[in-house]
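Take the sequence shown: its letters are residues 71 to 255, numbered as in the numbering used here.
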Amino acid sequence: MNPAQPIHSLEAELALLGITGPFAAFLNAQHKLASALDQAGDVLRVTRAGADRFLLSFQCRTLIGSNQRDCRAADCRVMAGIWFPQDYLRRASTADVVTLLDPRVFHPNLRGGVFCFELKPGMGLRDLAHVIYELLSWQTVNTVHGLDDEALDWARANRNLWPLDTRPLFSKRAPAAEKEDTGHV
Numbered sequence: 071m072n073p074a075q076p077i078h079s080l081e082a083e084l085a086l087l088g089i090t091g092p093f094a095a096f097l098n099a100q101h102k103l104a105s106a107l108d109q110a111g112d113v114l115r116v117t118r119a120g121a122d123r124f125l126l127s128f129q130c131r132t133l134i135g136s137n138q139r140d141c142r143a144a145d146c147r148v149m150a151g152i153w154f155p156q157d158y159l160r161r162a163s164t165a166d167v168v169t170l171l172d173p174r175v176f177h178p179n180l181r182g183g184v185f186c187f188e189l190k191p192g193m194g195l196r197d198l199a200h201v202i203y204e205l206l207s208w209q210t211v212n213t214v215h216g217l218d219d220e221a222l223d224w225a226r227a228n229r230n231l232w233p234l235d236t237r238p239l240f241s242k243r244a245p246a247a248e249k250e251d252t253g254h255v
């Protein structure tokens, strides 16, 4: 295949990258799921950014800013990037897989684009989107351990102000998680 020619199928892109077996099956399943998730409500948009990458765009109410002095609640579009490394079915690190891209969100479990949540190997796009949305909307807040001490103090002192967005991630029927092919045999 000529590298200058555009890749027209996921299978061709996976082959070019040398991705085969269970991980290729996992990525195929995530791509099929992405289009269904994209149409399952008004909060989430999913964009394919490569064979092993996705952009998640959440329209939600969150706190934006870098500290208590400049943070404010805003209805905005929040972008997160997902990258599934080739060993993702065996090992998973939140810092490697999920990145907040824009804007800067003020949350105790998020700092410098890095999210703090339990990520299990093989966790699919649907579950990742749920966890990220629940953090961004302040539906889920770990007030015991965090990445941002100032946001942690703010969260403890202002429990009455969250969650900021109580809408469900999916307003239409989203594909069931158990139908998600993890690539495991």
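Glycine included, each C-beta is placed from N, C-alpha and C at the ideal position. In this text, all values refer to a predicted model and were calculated from it rather than measured experimentally.
The region 148-162 makes contact with the region 108-125: 3 or more CB pairs, one atom from each, lie closer than 8 Å. Under DSSP, M149 forms a beta bridge with S127 and D172. For the pair L159 and C186, the CB atoms are not nearer than the 8 Å cut-off. For V211, there is no enclosing alpha helix (DSSP H), as DSSP marks it with neither H nor E.
With respect to L97, L107 sits apart: the two C-beta atoms are not nearer than 8 Å.
Considering only K242, S127, A227 and A94, the residue with the shortest C-alpha distance to P173 is S127.
A Cβ-Cβ separation of about 17 Å leaves A225 out of contact with T236 under the 8 Å criterion.
Between G135 and F176, the C-beta gap is smaller than 8 Å, which places the two residues in contact. Note: F185 is bridge-paired with L180 in the DSSP secondary-structure output. Counting only the Cα atoms, A221 lies some 36 Å from A99. In the DSSP assignment, T132 forms a beta bridge with A144. Within a 10 Å sphere around the beta-carbon of S207 sit 16 or more other beta-carbons, which makes this residue buried. A residue is called buried when at least 16 other Cβ atoms come within 10 angstroms of its Cβ; H215 does not meet this threshold and is exposed.
For the pair A104 and F124, the CB atoms are nearer than the 8 Å cut-off.
By the CB criterion at 8 Å, A162 and K190 fall inside the cutoff. Minimum Cα-Cα distance from T164 among the listed residues M193, Q209, T132 and N137 corresponds to M193. A residue is called buried once 16 or more other Cβ atoms fall within 10 Å of its Cβ, and L86, having fewer, is exposed. Contact between M149 and L133 is absent: CB atoms are separated by about 16 Å, not below the 8 Å threshold.
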